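Visitor: Numbering (our numbering), first residue to last: 41 to 259. Before anything else, here's the structure in question.
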Amino acid sequence: MEDPLQVSLRSQYLWVRVRGLSSVYLEDTRVVKTGRVIGQAIGQFIHAKRGVGALGVSLRIRVGIDVGVSLKKWVIFQPVGWPESKRFDLEYERLPHFCFFCGLMSHTGRSCPRRVAGELTEPAYDALLNAERKEEWLLAQQRPSLYESTSTGEGCRFGLIPRRRTGWIMEAPEMLVIGLTRTREERDENEMGNEGAEGEEMEVESPDGGKPMVEVREG
41 MEDPLQVSLR SQYLWVRVRG LSSVYLEDTR VVKTGRVIGQ AIGQFIHAKR GVGALGVSLR
101 IRVGIDVGVS LKKWVIFQPV GWPESKRFDL EYERLPHFCF FCGLMSHTGR SCPRRVAGEL
161 TEPAYDALLN AERKEEWLLA QQRPSLYEST STGEGCRFGL IPRRRTGWIM EAPEMLVIGL
221 TRTREERDEN EMGNEGAEGE EMEVESPDGG KPMVEVREG
């Protein structure tokens, strides 16, 4: 049995979902190799498997994440045979509270040192980093009646989905504190404007040992 005193509190172990990969990369013989390639760009790779849910098949990667490092929002890489690279958003399952400004899990936006110091004035993250909320938001896009029944269309993406019998049970405290709701287009525009400013580009081997995939890790 592992000694509790020897367990590092520096890492948080989470399952991370990646959607949109070609089915060939999710085959039983390749799913772990695919997960390792992506997982190493996120943190300490532990394991990977195929996940099946209401929105289809996804890649689930178990990784150890340094709590002193900002959460990564996406990875960019070019699978073998693809004409160009593509960005894949990351979704963290059972993600604890984290800062919408700097992306650290050690505090929330209300107490973010960089926000208080005026270094960060707008959030760089939102609730869609949470896999469960992201799934609810995506499902809402497929159910127009449910999507339109929220107070605003954008409410869905922050988990504000009315549920039968229980009413409104979810909220996004970070966004309520700062009094700001941005559209997905505005968020993507902001990120696109910052692409290339920070990050690290590296070559990693493809799951089948062929042409390397080019992957960019967000800084």
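The beta carbon of each residue, even a glycine, is placed where N, CA and C say it ideally should be. Note that the coordinates shown come from a computational prediction; the quantities given were computed from them, not determined experimentally.
Going along the chain, which unbroken runs of the beta strand (DSSP E) with 3 or more residues stay wholly within the stretch 50-99?
Guide: Taking only runs of at least 3 residues, the beta strand (DSSP E) segments lying wholly in the stretch 50-99 are 51-58, 84-93.
Visitor: With a cut-off of 8 Å on the beta carbons, I'd call Gln84 and Ser63 a contact; round off their distance for me.
Guide: Between Ser63 and Gln84 the Cβ distance is about 27 Å, and since that is not below 8 Å, they are no contact.
Visitor: I'd like to know whether the C-beta atoms of Ala88 and Gly75 end up nearer to each other than 7 Å.
Guide: In contact: Ala88 and Gly75 (Cβ atoms closer than 7 Å).
Visitor: In whole angstroms, give me the CA-to-CA distance for Arg90 and Val120.
Guide: Cα to Cα, the separation comes out at about 19 Å.
Visitor: Out of Leu130, Asp106, Val72, Trp177, which has the shortest C-alpha to C-alpha gap to Thr53?
Guide: Residue identity check: residue 53 is Tyr in the sequence provided, not Thr. The residue with the shortest Cα to Cα distance from Tyr53 is Asp106.
Visitor: If you count every other CB in all the chains shown that lies within 10 Å of the CB of Trp55, and 16 or more means buried, which is it?
Guide: The residue is buried, with at least 16 neighbouring Cβ atoms inside 10 Å.
Visitor: Just how far apart, CA to CA, sit Leu168 and Glu131?
Guide: Straight-line Cα distance between these residues: approximately 7 Å.
Visitor: DSSP puts Ala114 in a beta bridge; with which residues?
Guide: The question names Ala, but residue 114 in the sequence shown is Trp. DSSP output for Trp114 lists Asp129 as bridge partner(s).
Visitor: Going by DSSP in three states, Val103 sits in which element: helix, strand or coil?
Guide: If DSSP states are grouped into helix, strand and coil, Val103 belongs with the strands.
Visitor: Are the beta-carbon atoms of Arg155 and Phe138 separated by less than 7 Å?
Guide: The answer is no: Cβ separation not under 7 Å.
Visitor: Measure the CB-CB distance between Ser110 and Gly143 and report whether it falls below 7 Å.
Guide: For Ser110 and Gly143, yes; Cβs fall inside 7 Å.
Visitor: Can you round the beta-carbon distance between Ala94 and Glu133 to whole angstroms, since I take them to be within the 8 Å contact cut?
Guide: Their Cβ separation, rounded to whole angstroms, is 14 Å, which puts Ala94 and Glu133 out of contact at 8 Å.
Visitor: Are the beta-carbon atoms belonging to Trp114 and Arg102 less than 7 Å from one another?
Guide: Their beta carbons are not under 7 Å apart, which means Trp114 does not touch Arg102 by this criterion.
Visitor: Anyone know if the C-beta pair for Leu99 and Leu135 falls short of 7 Å?
Guide: The answer is no: Cβ separation not under 7 Å.
Visitor: Can you list, in chain order, the residues of its chain whose CB lies under 7 Å from that of Ala304, leaving out five sequence neighbours each side?
Guide: The chain is shown from 41 up to 259; residue 304 falls before or after that span and cannot be answered.
Visitor: Within the continuous alpha helix (DSSP H) that includes Val120, where are the two ends?
Guide: Counting along the chain, Val120 falls outside any alpha helix (DSSP H), and DSSP gives it neither H nor E.
Visitor: Report the option in Arg59, Ala81, Lys174 whose CA atom is closest to the CA atom of Gly96.
Guide: That would be Arg59, whose Cα lies nearest to the Cα of Gly96.
Visitor: Between which two residues does the alpha helix (DSSP H) harbouring Leu156 extend?
Guide: Reading off the sequence shown, one finds Val at residue 156, where the question assumed Leu. That run of the alpha helix (DSSP H) goes 153-156.
Visitor: Which word fits Leu49, buried or exposed, when buried means at least 16 other C-beta atoms lie within 10 angstroms of its C-beta?
Guide: Looking at its Cβ environment, which holds fewer than 16 other Cβ atoms inside 10 Å, Leu49 is exposed.
Visitor: Along the chain, where does the alpha helix (DSSP H) that runs through Arg173 open and close?
Guide: Its alpha helix (DSSP H) spans residues 171-181.
Visitor: Would you identify the three-state DSSP class for Gly149, choosing helix, strand or coil?
Guide: In the structure shown, Gly149 sits in a helix (DSSP, three-state: H, G or I).
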